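Taking it in order: structure first as C-alpha cells, then the write-up.
Protein chains in written order, with this note's numbering: chain S, 15 to 152; chain B, 786 to 930.
Next comes the structure, spelled out in C-alpha cells:
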C-alpha cells in the first residue's frame with residue numbers, strides 16, 4: 015500500500031472521529047446554529063468551522079513552500095478562480111437542502127454508522143441528486 | 786445550563802481542530818482537498834476521468850470507521866434526524882447543489898476559506914445565508930420536521 019493511500023486513510027479516520035465528536039452529526043444541533051432568530055441559538059458549528067479553518071490556514075502556509083507532498087506525490091488542487099452562475103446557484107441550492115434536513119455531506123456519511131436507516135435515505139437521495147446533475151449539466 | 790453550553794462549544798472546537806488536522810494531512814501528505822461532496826461523487830464514479838476514485842473510496846470508508854470508533858469510545862454521539870421525506874428532499878437538493886457549486890461545508894467552507902480561494906469566499910457565505918434563510922422560513926411557516 016502506498017504512502018499517499020495510508021495518509022488518506024489516516025485523514026479519513028481523524029475526519030470521521032472529529033465530525034462525530036463535534037456534535038455536527040446531529041441535525042437538530044446544526045439547525046440550532048442556522049436558526050439565528052430562534053432565540054435559542056447554538057454557536058457550536060461556528061467553533062467547528064473556526065477550529066478547522068485555523069488548522070487548515072497553517073497547512074496552506076506550509077503547502078506554499080512545498081513542491082511535492084510529504085509522501086513525494088504531486089498536488090491535485092483546484093485552480094479555477096471564476097465566479098460563475100453554477101457556483102452561486104449551486105451554493106444557494108446546497109444551503110436550501112442543508113437547511114431542510116440539517117445535514118451536509120460529511121455528517122450524512124458518518125450517519126451511516128450512527129443512524130443507518132435515516133442516513134441511508136439522505137445519502138441515497140444525495141447520490142441521486144449528484145447523478146441528476148451529471149445527466150443534465152451542459 | 787451554562788456548563789452544558791460550554792461543553793458543547795468545547796466539543797465543537799475539539800472536533801473542528803480534528804477536522805482541520807485531517808484536512809491538513811489530506812493536503813500535505815496526499816496532495817488532495819478533503820472536500821466530502823467531491824470525494825463522494827468521485828467514489829460513486831460520477832466524475833468522469835477521475836484518477837482519484839481509489840483515494841475517495843478509501844477516504845470515505847475510513848471516515849465511517851473513524852466515526853464508528855468515536856461512537857464506541859465516547860458512547861455519546863447524538864443524532865436526531867428529521868422524517869424520511871425531509872431527508873429525501875434535503876438529500877436530493879444537497880447532492881445536486883454541491884455538484885453544481887463544486888463543494889460543500891468541507892471543500893469550500895474549511896479547505897477553500899482557509900486557502901482564501903476566491904470561489905470559496907463567494908460560495909461559503911452564500912450557502913450559509915441560504916441555509917439560515919431556509920431554516921428561518923421553515924420555522925416561520927411552522928413546518929414540523
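A virtual CB, placed ideally from N, CA and C, is assigned to each residue, including glycine.
Quick caveat, the model's predicted, so the values are computed rather than measured.
Item, Value
"Please list the residues of the stretch 805-827 of chain B that have a C-beta atom closer than 8 angstroms to any C-beta atom in chain S, keeping them in chain order.", "805, 806, 807, 808, 809, 810, 811, 812, 813, 814, 815, 816, 817, 818, 819, 821, 822, 825 and 826"
"To the nearest angstrom, how far is the alpha carbon of residue 854/B from that of residue 33/S?", "12 angstroms"
"Check the Cβ-Cβ distances between residue 139/S and every residue of chain B, and say whether any is below 8 angstroms.", "yes"
"Which chain B residues sit within Cβ distance under 7 angstroms of residue 79/S?", "Here the premise fails: no neighbours, minimum Cβ distance about 11 angstroms."
"Exposed or buried, residue 49/S, counting other C-beta atoms within 10 Å across all chains shown (16 or more means buried)?", "buried"
"Can you give the beta carbon distance from residue 121/S to residue 60/S, rounded, assuming they're within the 8 angstroms contact cut?", "Not really, about 16 angstroms apart at Cβ, beyond 8 angstroms."
"With a cut-off of 8 angstroms, does the C-beta of residue 850/B fall near any C-beta of chain S?", "yes"
"Is the separation between the beta-carbon of residue 153/S and that of residue 816/B shorter than 8 angstroms?", "Only positions 15 to 152 of chain S appear in this structure, which leaves residue 153/S out of reach."
"What I want to know is whether the C-beta of residue 28/S ends up closer than 7 angstroms to one or more non-hydrogen atoms of the ligand NAP.", "As far as ligands go, the structure on display features none, and thus does not contain the ligand NAP."
"With a threshold of 8 angstroms between beta carbons, is residue 926/B in contact with chain S?", "no"
"Name the chain S residues whose beta carbon is nearer than 9 angstroms to that of residue 800/B?", "31, 32, 33, 34, 35, 36, 37, 38, 58, 61, 62, 65 and 66"
"Would you say residue 882/B reaches chain S, if we count a Cβ-Cβ gap shorter than 8 angstroms as a contact?", "yes"
"Nearest chain S C-beta to residue 886/B closer than 8 angstroms, yes or no?", "yes"
"Report the rounded CA-to-CA distance for residue 80/S versus residue 89/S, giving the unit in angstroms.", "9 angstroms"
"Run through the stretch 24-57 of chain S for me and flag every whole alpha helix (DSSP H) of 4 or more residues, listed as ranges in chain order.", "41-48"
"Identify whether residue 867/B lies in helix, strand or coil by the three-state DSSP scheme.", "coil"
"Less than 8 angstroms separating the beta-carbons of residue 1/S and residue 885/B?", "Residue 1/S lies beyond the residue range present for chain S, which begins at 15 and ends at 152; the question has no answer from this structure."
"What is the rounded straight-line gap between the Cα of residue 118/S and the Cα of residue 112/S?", "6 angstroms"
"Please compile the residues from chain S whose C-beta is within a distance smaller than 7 angstroms of the C-beta of residue 865/B.", "40, 41 and 42"
"Output needed for residue 82/S: all residues of its chain with C-beta closer than 7 angstroms, excluding positions within five of it in sequence on either side, in chain order.", "88"
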